[in-house]
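Take a look at the structure below.
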Amino acid sequence: MNKNLRKAVIAGNWKMNKTPSEAKELLTQIAPLVKDAQCEVVACVPYVDLAVAVEAVKGTNIKIGAENAHWEEKGAFTGEISTGMLKEVGVEYVVLGHSERRQYFGETDETVNKRTKAVLKAGLKPIVCVGELLWERECNITEEVVARQIKLDLFDVSAEDVKNVVIAYEPVWAIGTGKVATADQAEEVCALIRATLAKLYSKEIADAITIQYGGSMNDANAAELLAKENVDGGLIGGASLVAEKFAAIAAAANA
Ligand code: PGA
Numbered sequence: 130m131n132k133n134l135r136k137a138v139i140a141g142n143w144k145m146n147k148t149p150s151e152a153k154e155l156l157t158q159i160a161p162l163v164k165d166a167q168c169e170v171v172a173c174v175p176y177v178d179l180a181v182a183v184e185a186v187k188g189t190n191i192k193i194g195a196e197n198a199h200w201e202e203k204g205a206f207t208g209e210i211s212t213g214m215l216k217e218v219g220v221e222y223v224v225l226g227h228s229e230r231r232q233y234f235g236e237t238d239e240t241v242n243k244r245t246k247a248v249l250k251a252g253l254k255p256i257v258c259v260g261e262l263l264w265e266r267e268c269n270i271t272e273e274v275v276a277r278q279i280k281l282d283l284f285d286v287s288a289e290d291v292k293n294v295v296i297a298y299e300p301v302w303a304i305g306t307g308k309v310a311t312a313d314q315a316e317e318v319c320a321l322i323r324a325t326l327a328k329l330y331s332k333e334i335a336d337a338i339t340i341q342y343g344g345s346m347n348d349a350n351a352a353e354l355l356a357k358e359n360v361d362g363g364l365i366g367g368a369s370l371v372a373e374k375f376a377a378i379a380a381a382a383n384a
C-alpha cells in the first residue's frame, strides 16, 4: 500500500492558546504519552511560546512548529516573524494558509504561495492548509476549490522542494465546529489532492507526500479517519490542547 511510503504526521495547532508557562506544562504532559509513537508528532504553538516549547521537548520525539511565517527575510514588516527567526529558535514546521488566517487576516493563495516558498528556502517544513467553505461544498465545487488552492499555493515549488511539504485538508465547515467530515468525505478529497499533485509533479512524488485531515479530529474519530488510504495524519486544534486526547490520536496513527 502506498500509505506505507509516507510518514504519518500528527500535528497540534494550538492557535491562540497557552502562555509560555502553560505551553511548557502541556508539552511536559504530552511527552511521556507519545514517546513510543511511530508517527511524527508536532506541536505548532504561538510565537511567544516557541523558545520555551523547543526547550521543553529536548530529548523527546516531539517537533515544534510555528503557526505562520512571513516571506521576506527581514525589513519593515511590523508585527511579522521571519523564517530565519523561527529557524534559529529551533522550529521545524510552519502552518501556512490556515482558514482562520484566510478568513480573518486577509491571507490569499498568493501570499500562501510566497510564504510556502520562503519556508522551504529556509529548510523548514510547511503544513499548507486547504479546504472548502460549507457553501462551496453545497454548490458542489469542492474539487475545483481544493485543486485551485493546491495549484496556486504550490505554484513554482520545485519537485525537489515539494517533498518537504505537508498538505492539510481542512474543510472549513469542520473546523472547531464539532462537525467532522466522514472518513469517506476526507478520503475523497485527500485522494483528489494527491491526484492533483500527481498531475503537477509525478505519481511517484504525489505518493510520497503526507496529506493530513483536519477539522474536529479527536481521540474518538481519529482511528477511522487515519485508516483511510490517503489520510496520512492530522492537524488537530481543540483536541491537541488536552494531552491524553492528543496522545490517543498519535497512537491511532501508529496502527
Ligand atoms: P479543530 O481545528 O480540530 O479544533 O477543528 C483544526 C484546525 O483548525 O487545524
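Number 263 in the working numbering belongs to position 134 of the sequence shown; there are no gaps in the numbering.
Virtual Cβ for every residue (Gly too), placed ideally from N, Cα, C.
Here the structure is a predicted model, which means the values were calculated and not measured.
Where residue i falls: helix, strand or coil (DSSP)
i, result
"Asn293", "coil"
"Asn242", "helix"
"Ala379", "helix"
"Gly141", "strand"
"Val170", "strand"
"Gly213", "helix"
"Ile72", "As displayed, the chain neither begins before 130 nor continues past 384, which places residue 72 out of reach and without an answer."
"Ala195", "strand"
"Tyr330", "coil"
Any non-hydrogen atom of the ligand PGA closer than 8 angstroms to residue i Cβ
i, result
"Met145", "no"
"Ile338", "no"
"Cys319", "no"
"Ala297", "yes"
"Asn142", "yes"
"Thr311", "no"
"Gly344", "yes"
"Ala368", "yes"
"Ala381", "no"
"Gly194", "no"
"Cys88", "Any property of residue 88 remains undetermined from this structure, which presents the chain solely from 130 to 384."
"Leu179", "no"
"Thr306", "yes"
"Glu261", "no"
"Leu364", "yes"
"His199", "no"
Residues bridged to residue i (per DSSP)
i, result
"Lys254", "Tyr222"
"Val286", "Answer is none; Val286 lacks a bridge partner."
"Ile365", "Gly141"
"Val259", "Tyr298"
Extent of the continuous alpha helix (DSSP H) run through residue i
i, result
"Pro149", "Pro149 to Leu162"
"Ala182", "Leu179 to Ala185"
"Ser345", "First-last for Ser345: undefined, no H or E at that position."
"Arg230", "Ser228 to Tyr233"
"Leu354", "Ala351 to Leu355"
Legend entry - Segment contact flag, the stretch 255-266 with the stretch 220-227, C-beta cutoff 8 angstroms, min 3 pairs: The stretch 220-227 and the stretch 255-266 touch, with three or more beta-carbon pairs separated by less than 8 angstroms.
Inset, instruction - Would you check if the stretch 131-145 and the stretch 153-169 touch, i.e. whether three or more CB-CB distances between them fall below 8 angstroms? - result: Segment contact: the stretch 153-169 against the stretch 131-145, three or more CB-CB distances shorter than 8 angstroms; contact assigned.
Legend entry - Stretch-stretch touch, CB-based, cutoff 8 angstroms, three pairs: the stretch 232-239 with the stretch 206-219: Taking 8 angstroms as the limit for Cβ pairs, the verdict is that the stretch 206-219 does not touch the stretch 232-239.
Inset, instruction - Determine contact between the stretch 263-272 and the stretch 236-251, defined as no fewer than three beta-carbon pairs at a distance below 8 angstroms. - result: Verdict: no, contact absent.
Inset, instruction - Could you tell me whether the stretch 331-343 touches the stretch 302-322, where touching means 3 or more Cβ pairs closer than 8 angstroms? - result: Segments in contact, yes.
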